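Participant: Protein chains in written order, with the working numbering: chain X, 1 to 295; chain P, 1001 to 1343. For reference, the structure I am asking about is given below.
Right, here's the structure in full:
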């Protein structure tokens, strides 16, 4: 069972839900992997506190030009859609930070003057925490493109009974890359106008990918009831409600797991895990074609 | 003209509520919402849309089924997993299925092969029976718009259409002009849309001779954040006193330093954990990042949001006074700094 924990809005409690779910799954004796795909701002390690076992640089391929073989034909510059390779005044300039790594320039170069070389974009770290196989990626500061790192982080851990994927906020490329291939997407929201607005956007994105989803409402007793109405109208199941509890907020601020400090939250997350297992058992994901947004 | 960008690293620390309050306090300014994939500022500033524009960025490959010979060149060369065969899996040759699903895309072959690697991979996939396997299609969400398949298709059966990625708006609010955007569902290119929003905000400020642009930035430190902060006069980082807030703030301040942008710190909900708040302040002192102010934890923040108001419009003291102090500090820092921006 691969569950992605996502949300449109940041700070709704994704990491809280994901780390606690992984922890209770491990308590229940299942083999669990926790994968933090929020490579821009990874936080899961602050709560699960893993013992690191491996750490290696994550790379992506960018072109490297052998000037002695280059004939200045300019084909590489024509094919690149991202202005990452520019033949200019007898030289070929490579802007590695703009490169998407499609390999187009290498393919069209008639003299084989372009080869691809790895460029470091961040670190991939793995370890063990509370019986949970822990993986996360840390994007280098100043690096713009995070999807290649997310792809590698997602693929790194071994197969386990339960895989909990902590997604980055938003509804754009990093979030899409993270949730793609999951069996189920758990959307964490809060009952405020901002929370609801961003939940709507995120639900549209997940539906476009054809993935089944459910909602967890965090700080459920603040704000208003519009989120419940929305979920009812859209026939989205609310799988858990977490109250606005100062104890939880303070435990969070210190990097403690709610399920570890209070039996009542351990029950809440165990129930959520049971619900998810039930859903995963009956409904294999059914990909629906996404109508092209452009048309 | 000065451009202030409100940023946080971690999401949900109160960027948007703070931005809206600062815009109200500024009185006369241009507001830009650069969190284009989860925009919320419009929920507080209730903009009246004056102009809307389609935002096209990049291209999208579309295979014309009637012209596709099924050679598989597109499948063999796409690095984004965007090409799939329409032929039902059971009709595909067993060898091909095994090859496609066993391949873990480790790219060792491509990286190490001294010959023209992709041609070899192509030859292998053709030999395994991709050829004649039937129509291929492009997944619009996975397509990166690199055009490799378009270039390589021997039948020239792939169109390369401009991609409609979203919309951007110029609107009127009670604080002045607002430029904002909405990214299309499951669309990418948010960095370019952010650049468009900022550019239009500068143009509007120039035209109206408004001295101040206030930008609501996205969370994180990646492409849309970089697009939001580069070249700005000043960055105000809104942090919360939690372990994750502290961790994420450090990364976003590193980013500011990397791009040479002057920054200031504002701690929201500081009384939630005064010890961590003090630690964050000490860190910022060490880094010569001035403290613009502390905002106390108060549910008035959320209540104002539900009323589509800012907290500074609803009261004078308490949390509203905290934000006024932050604004005064920001103005002072902007005035002694020299970074002017131009449209």
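Here a beta-carbon is modelled for each residue, glycine too, at the ideal position from N, C-alpha and C. If you're wondering where the values come from, they're calculated on a predicted model, not measured in any experiment.
#1: Name the chain X residues whose beta carbon is nearer than 8 Å to that of residue 1145/P?
#2: Starting from the beta carbon of residue 1151/P, find every residue of chain X whose beta carbon is closer than 8 Å, and list them in chain order.
#3: Can you give me the Cβ contacts of residue 200/X inside the same chain, cut-off strictly under 8 Å, excluding the 5 residues immediately before and after it?
#4: With a Cβ-Cβ cutoff of 8 Å, do residue 184/X and residue 50/X count as a contact?
#5: Does the beta-carbon of residue 1262/P have 16 or more other beta-carbons within 10 angstroms, so that it is buried, or is it exposed?
#6: For residue 15/X, which residues in chain P fall below 9 Å Cβ to Cβ?
#7: Below 9 Å on C-beta distance, what does residue 1254/P contact in chain X?
#8: Can you give me the start and stop residues for the beta strand (DSSP E) that residue 119/X sits inside?
#9: Below 8 Å, can you find three or more Cβ-Cβ pairs linking the region 1204 to 1220 of chain P to the region 1237 to 1246 of chain P?
#10: Contact between the region 1194 to 1201 of chain P and the region 1167 to 1183 of chain P is defined here as three or more beta-carbon pairs at a separation below 8 Å; is this criterion met?
#11: Can you tell me where the beta strand (DSSP E) holding residue 241/X begins and where it ends?
#12: Identify the contact partners of residue 146/X in chain P, using a Cβ-Cβ distance below 7 Å as the criterion.
#13: Where DSSP assigns a beta bridge to residue 1030/P, which residues make up the other side?
#14: Excluding sequence positions up to five away, which residues of its chain have a Cβ less than 7 Å from the Cβ of residue 109/X?
#15: Under 8 Å Cβ-Cβ, which residues of chain X neighbour residue 1299/P?
#16: Taking 8 Å as the cut-off, decide whether the C-beta atoms of residue 1007/P and residue 1217/P are in contact.
#17: To the nearest angstrom, how far is the alpha carbon of residue 67/X from that of residue 105/X?
#18: Taking the alpha-carbon positions, what's the residue 1100/P to residue 247/X distance?
#19: Roughly how many angstroms separate the alpha carbons of residue 189/X and residue 1083/P, rounded to a whole number?
#20: Decide if the region 47 to 66 of chain X is in contact with the region 111 to 127 of chain X; the criterion is three or more beta carbon pairs, one per stretch, under 8 Å apart.
#21: Taking 8 Å as the cut-off, does the region 41 to 50 of chain X touch the region 84 to 98 of chain X (at least 3 CB pairs, one atom from each stretch)?
#22: Could you round the C-beta distance between residue 1277/P and residue 1296/P to whole angstroms and report it? I think they count as a contact, below 8 Å.
#23: Taking C-alpha atoms, which residue in 1167/P, 1161/P and 1171/P lies nearest to residue 1036/P?
#24: With DSSP as the reference, please indicate the residues paired to residue 218/X in a beta bridge.
#25: Cutting at 7 Å between CB atoms, please list the residues of its own chain near residue 1050/P, excluding the five before and the five after it.
#26: Counting only beta-carbon atoms, is residue 1273/P nearer than 8 Å to chain X?
#27: Among residues of its own chain, excluding the 5 on either side of residue 149/X, which ones have a beta-carbon nearer than 7 Å to its beta-carbon?
#28: Using beta carbons (cut-off 8 Å, strictly below), is residue 176/X in contact with chain P?
#29: What's the call for residue 281/X, buried or exposed, on a 16-neighbour Cβ count within 10 Å?
#30: Expressed to the nearest angstrom, what Euclidean distance is found between the alpha-carbon atoms of residue 1275/P and residue 166/X?
#31: Relative to the C-alpha of residue 46/X, which residue among 1282/P, 1314/P, 1219/P and 1245/P is closest?
#32: Consider the Cβ of residue 1251/P: report whether some Cβ of chain X lies at a distance smaller than 8 Å.
#33: Please work out which residues of its chain come closer than 8 Å, Cβ to Cβ, to residue 26/X, disregarding the five sequence neighbours upstream and downstream, and give them in chain order.
#34: Between residue 1206/P and the rest of its own chain, which residues show a CB-CB distance below 6 Å, the 5 nearest in sequence each way excluded?
#35: Taking 8 Å as the threshold (beta carbon to beta carbon), is residue 205/X in contact with chain P?
#36: With DSSP run on the structure shown, which of helix, strand or coil describes residue 1280/P?
Facilitator: Reading from the atomic positions:
#1: 81
#2: 79, 104, 107 and 108
#3: 8 and 230.
#4: no
#5: Its Cβ being crowded by 16 or more others within 10 Å, residue 1262/P is buried.
#6: Result: 1244.
#7: 141 and 142
#8: 114 to 129
#9: no
#10: yes
#11: 238 to 242
#12: 1222
#13: 1213/P
#14: 75 and 76
#15: Within 8 Å Cβ-Cβ: 222.
#16: yes
#17: Separation of residue 67/X and residue 105/X (C-alpha to C-alpha, rounded to the nearest whole angstrom) is 14 Å.
#18: Model confidence at residue 1100/P stands at a pLDDT of 48, short of 50, so the residue's coordinates are unreliable and nothing is read from them.
#19: 33 Å
#20: yes
#21: no
#22: About 11 Å; that fails the 8 Å criterion.
#23: 1167/P
#24: 190/X and 242/X
#25: 1170, 1171 and 1172
#26: yes
#27: Residues 39, 58, 121, 122, 137 and 139 of the same chain have their beta carbon placed closer than 7 Å to that of residue 149/X, with the five preceding and five following residues left out of the count.
#28: Chain P contact via Cβ: present.
#29: exposed
#30: 28 Å
#31: 1245/P
#32: yes
#33: 32, 130, 131 and 132
#34: 1343
#35: Residue contact with chain P for residue 205/X: present (Cβ-Cβ distance below 8 Å to some residue of chain P).
#36: helix
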